[in-house]
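Chemist:
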Amino acid sequence: MANATAGVVITGVGLVTPLGNDYPTFAANLLAGTSAARVLVDRDGGVELALPVCQAEDPVAPAGWDAAAFAALPRSQRLVLACCHAALEDAGLAVPPPDLTSLPDASSKPPHRSPPHGLPRIGLVLGSGGEMLRRWEGDWMQGGREVFEGRGDEQTLAELTGRRLGLAGPRLTVAAACASANYAIEVGRRWIEQGLVDGCLVGGVETLTAICRAAFYNLRALSRRTDDPQRASRPFDRDRDGFVMGEGAAILMLQRADAARGQRIYAEVAGFGASSDASHMIIPSNDPAPAAEAIRAALRDADVEFAEVDYINAHATSTPVGDRAEARALAEVFGTALPQIPVSSTKSMTGHLLSAAAAVEALACLVALERQQVPPTINLEHPDPECALRHVPQQALPHAIDVAISNSFGFGGSNTTLVLRKAA
Amino acid sequence: MDLPAEVGFAVPLAGWGVAWADLPEVAALRRVLPAWAPAQTPAHFLKHADEQTVVAVAAVDRAIRQWELPLEAVRQWPIVAAPQCVGRIAGAATLGRFARGGAPTVSPHLIPQHSLHSVSGALSILLGSRAPNLGISGGAGAVEEGLLGLLTLVAGWNVPGAWLVGTAMEPEPQLTDEGQCVNQPRAWAVALALDRQGAAAACGQLGLHAARHPSAILWSGAKETSADPAPAALAVAGPRWAELTRQLEAAQHSGRPLQAAWTLSAGVRIELAAACPSRAARAAA
């Protein structure tokens, strides 16, 4: 096993999720098997569309910030700013209140020659896939015409956030659809290893919009179980009928282990693997080999043997095609070891947060590692016989967990796996 | 822990391809799949693709053909695509329809085909590549973000090579409420083929240098670009894929090497050197 002290570790977390906007609340709801789903009804263009969704409560402005200016920001900006602030503060780093009424110019020096956060170079890598479409829709809903005018000067959410917080490191937006945030974590880990930054905020964000809901509905990817929304997200269950959309954001603060002296260490980011199906823009491949290769690559990267994996946080969104494809990939990788490894899908409680899903599921793994309990797959009443796994239905399972892996797969045939190791 | 004052690495450039097309030309390109697409690829694969995806495919095709890149090698490379404001035309058209007819009017292709991951995802399928694919940026900083993201992953992963495909519309489409263009936008793409293992002859390199010491922090996004021997005059304020496409095309035709460098935040500097025209261009000359 690799020496954890030489690695990259998580020293802070910030979250706005359907299960709570702080880590203790999220952990308690996750282990209690709480569903965040409820029915949301859109009435646009004279057409009613009712869907079960998992929404997050609006974040409050951090203490000392201009609450009115914060409230006036687009929701996606509020989510990311609140999460970045919380993650920095959780890592013990100072966060001076930003000026939210104007946007610092990219070429202007931050007001502090001495870095404001106590670390000279903090980067930001954000998983955010449909950012421009959602931004244009939000602007249009407010009467704006940004999408029609085509100025082409649209800054990304990561860039806007980095400037507002005075982060001196690089900013990057990455997208692999529902695997986006795993890539964000990987890029941040590499930046630290390569010496490009001293710390890095990584994670993902997803805000639900009416058009986004309609697009997935028309794809026939969503559960239509509006009569019983809290039982709608049922990964691996025989009676599943699609996924439940979720929204929120989660940000992790990464630092070198040997630079995180005296700080709380949630876990080591031990490995990452990725592959592509090369099959279809939407539908997962029937061939388990590409997804299996992503899992194997992550384990190799982490120097972890199959038998050392104590928990698998599955991508399992609650679609028959996707759940079965993942079960086949797990069987191909773990073989006879698979029946010993607990597998759960926390999307049964949070819904599917798309671009933010991998970040929220990394949080779920941190909870599992810290509390030594496997979060359950709720609503798993009749396991699909084609998903023969060691399920953790309905209730959390006390279990010794040193190594957890989190699968996240996405449109465009992206497969990713993250390996997290318990802090020494 | 002692760290060197500067870190850096460079990756050989095996070739590049550029492409641009106005909207009628994009419509024509949709109907033509590259010769290297897998045989089972449906003929309508690009029917719903974003305009930037369509020119991205053309740029990769040109890179493969001009530089005679070995298909068996380039199919194993990760694909990083850095589009800028992808999905504007589809997004505008969707808003207009949605206002009138609500949810049923929204195309199921909107998110799969017009999001940040869409360009790299489509290229991955067409190339038959099982290596990772991902989208980067999507905003005004797509050039710097794309180059930085690519180099970060190539340096961190044990991969034989990689594709970076940058795309943009310039001018950006000006659209009516119904999503109809009232100007003449053009889609641009540049494909850079990075080959770490020398499967193809190098024609340049892409490098990254980073100052580690806090005193070396630079706060600006300054850019210097030149086509040796006479520095090129640049018309736009920030680096754009369209501008780089034009520069590479000019270098190809003139036979003059192209050098470009971007200094990002935190002392990160990216350098691109494209040293010679392609074998195909030399043969034509």
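Chains as they are written, first to last, in my numbering: chain E, 1 to 424; chain P, 1 to 285. C-beta atoms are modelled at their ideal positions from N, C-alpha and C, and glycine is treated no differently.
For residue 78 (chain P), collect the residues of the same chain with a Cβ closer than 6 angstroms to its Cβ; drop the 5 residues on either side in sequence, then sort them by chain order.
Modeler: 131, 132, 159, 162
Chemist: In three-state terms, what does DSSP make of residue 373 (chain E)?
Modeler: strand
Chemist: Please specify which runs of the beta strand (DSSP E), each continuous and at least 3 residues long, are wholly inside the segment 106-181 of chain P, giving them in chain order.
Modeler: The qualifying runs are 133-136, 161-169.
Chemist: Listing by chain order, which chain E residues have their CB less than 8 angstroms from the CB of residue 186 (chain P)?
Modeler: Chain E residues near residue 186 (chain P): none, gap ~12 angstroms exceeds 8 angstroms.
Chemist: Roughly how far, in whole angstroms, is the beta-carbon of residue 14 (chain E) from the beta-carbon of residue 63 (chain E), given that I think they are within contact range, below 8 angstroms?
Modeler: Under the criterion of beta carbons closer than 8 angstroms, residue 14 (chain E) and residue 63 (chain E) do not qualify as touching, at roughly 14 angstroms.
Chemist: What's the C-alpha gap between residue 227 (chain E) and residue 172 (chain P)?
Modeler: 45 angstroms
Chemist: Taking 8 angstroms as the threshold (beta carbon to beta carbon), is residue 4 (chain E) in contact with chain P?
Modeler: Because residue 4 (chain E) carries a pLDDT of 38, less than 50, the predicted location of this residue cannot be relied on, and the following value inherits that uncertainty. In terms of beta-carbon proximity, residue 4 (chain E) stays away from the interface with chain P, with every pair separated by 8 angstroms or more.
Chemist: Going residue by residue through the segment 233-288 of chain E, where are the continuous beta strand (DSSP E) segments of at least 3 residues, counting only ones entirely within it?
Modeler: 248-256, 267-276
Chemist: Could you tell me which uninterrupted alpha helix (DSSP H) segments, each at least 4 residues in length, are contained entirely in the segment 162-190 of chain E, listed from first to last along the chain?
Modeler: Listed in chain order, there is nothing to give.
Chemist: For residue 363 (chain E), which of helix, strand or coil comes out of DSSP?
Modeler: helix
Chemist: Helix, strand or coil for residue 379 (chain E) per DSSP?
Modeler: coil
Chemist: By how many angstroms is the C-alpha of residue 296 (chain E) removed from the C-alpha of residue 305 (chain E)?
Modeler: Approximately 9 angstroms, taken between the alpha carbons.
Chemist: Count the other CB atoms, across all protein chains shown, that sit within 10 Å of the CB of residue 382 (chain E); report buried if there are 16 or more and exposed otherwise.
Modeler: exposed
Chemist: So, is residue 400 (chain E) buried or exposed, given that buried needs 16 or more other C-beta atoms within 10 angstroms?
Modeler: Result: exposed.
Chemist: What residues from the segment 200-230 of chain E come within 9 angstroms of chain P, judged by C-beta to C-beta, listed N to C?
Modeler: The residues in question are 210, 211, 212, 213, 214, 215, 216, 217, 218, 219, 220, 221.
Chemist: Just the Cα atoms here: how many angstroms apart are residue 37 (chain P) and residue 60 (chain P)?
Modeler: 11 angstroms
Chemist: Are residue 128 (chain E) and residue 234 (chain E) touching if we call contact CB-CB under 8 angstroms?
Modeler: no
Chemist: Taking residue 174 (chain P) as the query, report the chain E residues whose CB atoms sit under 8 angstroms from its CB, ordered along the chain.
Modeler: Within 8 angstroms Cβ-Cβ: 148, 149, 150.
Chemist: Along chain P, which residues have their Cβ under 9 angstroms away from the Cβ of residue 290 (chain E)?
Modeler: Simply 130.
Chemist: Please name the residue or residues paired with residue 192 (chain P) in a DSSP beta bridge.
Modeler: P:16, P:164
Chemist: Going by other Cβ atoms of all chains shown within 10 Å of its Cβ, with 16 needed for buried, is residue 258 (chain E) buried or exposed?
Modeler: exposed
Chemist: Taking residue 103 (chain P) and residue 175 (chain P) to be in contact with their CB atoms under 8 angstroms, please state how far apart those CB atoms are, rounded to whole angstroms.
Modeler: Contact check for residue 103 (chain P) and residue 175 (chain P): beta-carbon distance about 22 angstroms, past the 8 angstroms limit, so the pair fails to qualify.
Chemist: Within this structure, are the beta carbons of residue 196 (chain E) and residue 84 (chain E) separated by less than 8 angstroms?
Modeler: no
Chemist: Going along the segment 336-354 of chain E in order, which residues come within less than 8 angstroms of chain P, judged by CB to CB distance?
Modeler: none
Chemist: Are the C-beta atoms of residue 113 (chain P) and some chain E residue less than 8 angstroms apart?
Modeler: yes
Chemist: Report yes or no: is there a C-beta of chain E within less than 8 angstroms of the C-beta of residue 137 (chain P)?
Modeler: yes
Chemist: So is residue 392 (chain E) buried or exposed if we call it buried at 16+ other beta carbons inside 10 Å?
Modeler: Buried, since its Cβ has 16 or more Cβ neighbours within 10 Å.
Chemist: Would you mind giving the Cβ-Cβ distance between residue 352 (chain E) and residue 317 (chain E), rounded to the nearest angstrom? I have them listed as a contact below 8 angstroms.
Modeler: 5 angstroms
Chemist: Tell me the rounded alpha-carbon separation between residue 310 (chain E) and residue 331 (chain E).
Modeler: 15 angstroms
Chemist: What is the DSSP secondary structure of residue 2 (chain E), reduced to helix, strand or coil?
Modeler: Any reading at residue 2 (chain E) must be qualified, since the residue scores a pLDDT of 35, below 50, and its modelled position is unreliable; no value is offered.
Chemist: Using DSSP's beta-bridge definition, name the partner residues of residue 403 (chain E).
Modeler: E:421
Chemist: I want to see whether chain E comes within less than 8 angstroms of residue 303 (chain P), judged by CB atoms only; does it?
Modeler: In the structure displayed, chain P extends from 1 to 285; residue 303 (chain P) sits before or after that span and is not available.
Chemist: Helix, strand or coil, according to DSSP, for residue 2 (chain P) in the structure here?
Modeler: The predicted model places residue 2 (chain P) with a pLDDT of 40, which falls under 50 and marks its position as unreliable; any figure quoted below should be read in that light. Coil.
Chemist: Beta-carbon separation of residue 390 (chain E) and residue 342 (chain E) under 8 angstroms?
Modeler: Against a cut-off of 8 angstroms, the Cβ pair of residue 342 (chain E) and residue 390 (chain E) comes out as a contact.
Chemist: Look at the Cβ atom of residue 189 (chain P), then the Cβ atom of residue 165 (chain P), and state whether they are nearer than 8 angstroms.
Modeler: yes
Chemist: Tell me the rounded alpha-carbon separation between residue 203 (chain P) and residue 126 (chain P).
Modeler: 25 angstroms
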